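A short write-up of the structure that comes next.
Number of protein chains: 2
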Amino acid sequence: MNAITDFPIVLKPLGGLRPCATCRVRQVSICEAIPEADLARLGACAIGGIARPGTLFIAEADPANAFFNIISGTARLYKLLPDGRRQITGFADGGNFLGLAVSDTYAFSAEAIDTVCYCIFPRIRLRALMHDFPHMEARLLKFASTELVAAQEQMLLLGRKSAQERVASFLMARSRLAAAQGSPACFILPMARGDIADYLGITIETVVRTLRKLRDEGMIAVTNTSEVVICNALALQCLANGSHRG
Amino acid sequence: MNAITDFPIVLKPLGGLRPCATCRVRQVSICEAIPEADLARLGACAIGGIARPGTLFIAEADPANAFFNIISGTARLYKLLPDGRRQITGFADGGNFLGLAVSDTYAFSAEAIDTVCYCIFPRIRLRALMHDFPHMEARLLKFASTELVAAQEQMLLLGRKSAQERVASFLMARSRLAAAQGSPACFILPMARGDIADYLGITIETVVRTLRKLRDEGMIAVTNTSEVVICNALALQCLANGSHRG
DNA sequence: CGGTCACTTGATCGTCTTCAATACCAGTGG
DNA sequence: CCACTGGTATTGAAGACGATCAAGTGACCG
Numbered sequence: 075m076n077a078i079t080d081f082p083i084v085l086k087p088l089g090g091l092r093p094c095a096t097c098r099v100r101q102v103s104i105c106e107a108i109p110e111a112d113l114a115r116l117g118a119c120a121i122g123g124i125a126r127p128g129t130l131f132i133a134e135a136d137p138a139n140a141f142f143n144i145i146s147g148t149a150r151l152y153k154l155l156p157d158g159r160r161q162i163t164g165f166a167d168g169g170n171f172l173g174l175a176v177s178d179t180y181a182f183s184a185e186a187i188d189t190v191c192y193c194i195f196p197r198i199r200l201r202a203l204m205h206d207f208p209h210m211e212a213r214l215l216k217f218a219s220t221e222l223v224a225a226q227e228q229m230l231l232l233g234r235k236s237a238q239e240r241v242a243s244f245l246m247a248r249s250r251l252a253a254a255q256g257s258p259a260c261f262i263l264p265m266a267r268g269d270i271a272d273y274l275g276i277t278i279e280t281v282v283r284t285l286r287k288l289r290d291e292g293m294i295a296v297t298n299t300s301e302v303v304i305c306n307a308l309a310l311q312c313l314a315n316g317s318h319r320g
Numbered sequence: 075m076n077a078i079t080d081f082p083i084v085l086k087p088l089g090g091l092r093p094c095a096t097c098r099v100r101q102v103s104i105c106e107a108i109p110e111a112d113l114a115r116l117g118a119c120a121i122g123g124i125a126r127p128g129t130l131f132i133a134e135a136d137p138a139n140a141f142f143n144i145i146s147g148t149a150r151l152y153k154l155l156p157d158g159r160r161q162i163t164g165f166a167d168g169g170n171f172l173g174l175a176v177s178d179t180y181a182f183s184a185e186a187i188d189t190v191c192y193c194i195f196p197r198i199r200l201r202a203l204m205h206d207f208p209h210m211e212a213r214l215l216k217f218a219s220t221e222l223v224a225a226q227e228q229m230l231l232l233g234r235k236s237a238q239e240r241v242a243s244f245l246m247a248r249s250r251l252a253a254a255q256g257s258p259a260c261f262i263l264p265m266a267r268g269d270i271a272d273y274l275g276i277t278i279e280t281v282v283r284t285l286r287k288l289r290d291e292g293m294i295a296v297t298n299t300s301e302v303v304i305c306n307a308l309a310l311q312c313l314a315n316g317s318h319r320g
């Protein structure tokens with residue numbers, strides 16, 4: 075019996091002698107603020123967690139007792155209306171930090187798209203860490219600022235862009251993400267059409283139709299529904315910017 | 075000749091012996107982080123500014139050399155598309171802090187709606203302040219978190235709410251703001267219809283028609299285009315939440 | 001008074017949604 | 001090996017909501 079495969083969510087203390095020293099996302103996450111010498115202290119503050127595909131691991135309105143640091147996989151962050159309408163506010167993957175909250179409850183929900191591994195920092199312990207390593211607070215502020223700028227860009231998309239411009243923007247953003255892994259022109263979308271639709275404020279059908287249109291116009295190629303090839307990045311970027319109308 | 079009335083933007087060192095000590099918004103702004111004894115130091119870091127109605131005082135893509143603390147008045151924060159489409163990402167009034175940026179340029183523009191008074195903190199000086207008063211960084215983080223939560227709520231609105239739900243949400247948010255001044259049921263909208271439209275991701279005409287519909291349904295009363303009276307807060311809140319369909 | 005500007009109202013149009021049917025693919029068991 | 005099943009993706013047709021276009025109103029001001 076294997077806990078990792080039999081349960082949707084698994085928790086365990088960070089194992090090994092130097093759990094954080096070998097962390098693949100440490101340098102790009104908020105943990106970068108902790109000097110090498112104090113990694114043991116850092117590791118003692120966190121609990122490891124694994125969420126299998128489709129699993130909810132942060133629930134809107136639940137007490138915000140902990141913060142999360144995504145190690146691998148991709149999660150969707152979203153808010154719901156009472157009748158089920160969903161707005162995905164973002165996708166979080168390796169290196170992302172979740173749980174910033176004003177009140178003492180979470181303002182959004184988070185679900186694993188593929189298998190997601192993360193570190194859980196109980197609120198109290200992270201606060202202690204921030205107290206002892208002030209650079210961590212600066213790091214967190216920078217992260218929050220980045221998120222804020224992204225959120226404003228997304229508001230522009232949701233409020234003022236056409237369906238085509240939205241999909242183009244999304245694809246270019248994904249391309250930039252893939253560029254970090256070395257292949258800006260060809261990448262895999264971990265999320266389903268429904269997730270893209272709820273992220274862009276349109277319907278599944280419109281996502282499909284728009285992708286088809288972009289394909290017909292030769293800007294992209296779509297192989298097996300999840301793999302995208304950018305054929306004309308310039309044209310796609312113009313579309314995304316909205317610099318094609320006048 | 076009066077500089078304050080003859081020029082759109084006026085800059086001057088904070089005058090008086092105790093400029094910050096008498097500041098009306100100090101307790102609710104990030105300056106709350108500075109102890110009483112150090113107010114002289116705080117005042118020396120800032121420059122006073124006044125922007126007359128319609129004046130741009132932060133321009134997207136300009137070098138982000140300074141941060142702003144709004145003292146009085148209301149500003150609109152927005153992003154533009156090349157063809158002129160505008161998305162207002164928020165309204166800033168007394169106590170609000172502007173200028174958080176990831177890169178070294180502003181990610182948005184800010185214009186005065188009515189006459190706006192503010193304090194300008196050159197980037198370097200604010201950094202020094204944050205270094206000497208670590209609580210200020212915590213305060214800033216809290217502010218950024220609050221903004222982030224508001225931005226996510228706005229994404230839900232822009233992506234998934236109907237025009238009626240958007241206007242209702244806007245009015246209830248304004249009502250909550252007015253509640254701080256003691257009158258949640260009756261307040262003045264400082265911004266024009268066009269600003270509301272660009273904030274809610276709809277057109278001026280739709281704003282007008284929706285306000286009229288809410289008026290006809292007895293939820294609100296509109297006196298002179300800028301004054302609103304909430305007649306049925308409960309119904310309006312239900313509409314805003316989207317809890318009226320299912 | 002003539003001008004401007006913001007707001008309002010009406011009529012028409014288009015984009016995207018909704019509804020419905022079909023295709024596709026992986027997994028399961030006969 | 002192939003029918004069956006559940007889920008996701010795709011495509012088509014009809015409809016609705018909000019946008020666009022155009023005209024009219026009212027307030028303020030030189």
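These protein sequence lines map, in sequence, to chains A and B. Everything in the first sequence is counted per the numbering used here, starting at 75 for the first residue and increasing by one. Everything in the second sequence is counted per the numbering used here, starting at 75 for the first residue and increasing by one. Beta carbons: idealized from backbone N, C-alpha and C, even for Gly. It should be emphasised that the depicted structure is a prediction, and the values quoted were computed from it without experimental measurement.
Buried/exposed call for residue i, threshold 16 Cβ in 10 Å
i	result
leucine 308 (chain B)	exposed
asparagine 143 (chain A)	buried
threonine 284 (chain A)	buried
aspartate 206 (chain B)	exposed
valine 102 (chain B)	exposed
glutamate 239 (chain A)	buried
isoleucine 270 (chain A)	buried
isoleucine 198 (chain B)	exposed
glutamine 255 (chain B)	exposed
Proximity to residue i [Cα-Cα], best of the options
i	options	result
threonine 299 (chain A)	A:Asp290, A:Ser317 and A:Met265	A:Met265
threonine 189 (chain B)	B:Ser146, B:Ala225 and B:Leu88	B:Ser146
alanine 133 (chain A)	A:Lys287, A:Ala254, A:Ala118 and A:Lys153	A:Lys153
aspartate 290 (chain A)	A:Ile278, A:Thr277 and A:Ile304	A:Ile304
arginine 248 (chain A)	A:Ala140, A:Gln101 and A:Phe261	A:Phe261
leucine 130 (chain B)	B:Tyr180, B:Cys105 and B:Leu245	B:Tyr180
phenylalanine 165 (chain B)	B:Leu155, B:Arg150 and B:Pro156	B:Arg150
alanine 224 (chain B)	A:Ala259, A:Phe182, A:Ser243 and A:Cys312	A:Phe182
glycine 275 (chain A)	B:Ala118, B:Ala259, B:Ala138 and B:Gly233	B:Gly233
valine 296 (chain B)	B:Pro208, B:Ala259 and B:Ala314	B:Ala259
phenylalanine 244 (chain B)	B:Ala186, B:Leu200, B:Gln311 and B:Thr220	B:Gln311
alanine 242 (chain A)	A:Gly292, A:Thr148, A:Ser177 and A:Asn139	A:Gly292
alanine 138 (chain A)	A:Gly268, A:Ser177 and A:Ala111	A:Ser177
threonine 277 (chain B)	B:Pro208, B:Ala253, B:Ala237 and B:Ala135	B:Ala237
alanine 135 (chain A)	A:Leu155, A:Thr148 and A:Pro127	A:Leu155
isoleucine 316 (chain A)	A:Leu288, A:Ala252 and A:Lys235	Rather than isoleucine, the amino acid found at residue 316 (chain A) in this sequence is glycine. Ranking A:Leu288, A:Ala252 and A:Lys235 by Cα distance to glycine 316 (chain A) puts A:Lys235 first.
Any C-beta of chain A under 7 angstroms from that of residue i
i	result
aspartate 167 (chain B)	no
arginine 248 (chain B)	no
methionine 265 (chain B)	no
proline 258 (chain B)	no
alanine 206 (chain B)	Note that residue 206 (chain B) is aspartate in the sequence shown here, rather than alanine. Not an interface residue.
aspartate 80 (chain B)	In this predicted model, aspartate 80 (chain B) has a pLDDT of only 48, less than 50, meaning its place in the structure is not dependable; the value taken from the coordinates is given anyway. Chain A, which has no Cβ nearer than 7 angstroms to the Cβ of aspartate 80 (chain B), makes this no.
glutamine 228 (chain B)	yes
lysine 287 (chain B)	no
Cross-strand partners of residue i (DSSP beta bridge)
i	result
phenylalanine 142 (chain B)	B:Leu172 and B:Ile194
tyrosine 273 (chain B)	Tyrosine 273 (chain B) is not bridged to any residue.
cysteine 260 (chain B)	B:Val303
alanine 186 (chain A)	A:Ala149
leucine 215 (chain A)	In the DSSP output, where bridge partners are listed per residue, leucine 215 (chain A) has none listed.
threonine 284 (chain B)	None, per the DSSP bridge assignment.
threonine 129 (chain A)	Partner(s): none; threonine 129 (chain A) has no beta bridge.
leucine 154 (chain B)	B:Arg160
glycine 122 (chain A)	A:Lys86 and A:Cys193
valine 223 (chain B)	Note: valine 223 (chain B) sits in no beta bridge, so no partner.
isoleucine 294 (chain A)	A:Ile304
Chain B contact for residue i (CB, 7 angstroms cutoff)
i	result
glutamate 185 (chain A)	no
alanine 77 (chain A)	Its pLDDT being 39, under 50, alanine 77 (chain A) is placed unreliably by the model, and nothing is read from it.
phenylalanine 171 (chain A)	no
aspartate 188 (chain A)	no
leucine 251 (chain A)	no
alanine 107 (chain A)	no
arginine 234 (chain A)	yes
lysine 86 (chain A)	no
glutamate 134 (chain A)	no
threonine 277 (chain A)	no
alanine 307 (chain A)	no
Residue i Cβ short of 6 angstroms to the ligand GTP heavy atom set
i	result
aspartate 188 (chain B)	This structure simply doesn't include the ligand GTP, nor any ligand for that matter.
Checklist entry - Counting pairs of Cβ atoms below 8 angstroms between the stretch 151-160 of chain B and the stretch 215-223 of chain B, do you hit three or more? => result Under the three-pair Cβ rule at 8 angstroms, the stretch 151-160 of chain B does not count as touching the stretch 215-223 of chain B.
Next on the checklist: Check whether the stretch 162-176 of chain A and the stretch 166-175 of chain B touch, using three or more Cβ-Cβ pairs below 8 angstroms as the test.
Outcome noted: In short, these stretches do not touch, since the Cβ pair count stays below three.
Item to check | Cβ pair count under 8 angstroms reaching 3, the stretch 113-125 of chain A against the stretch 189-197 of chain A | outcome: Counting Cβ pairs under 8 angstroms, three or more are found: they touch.
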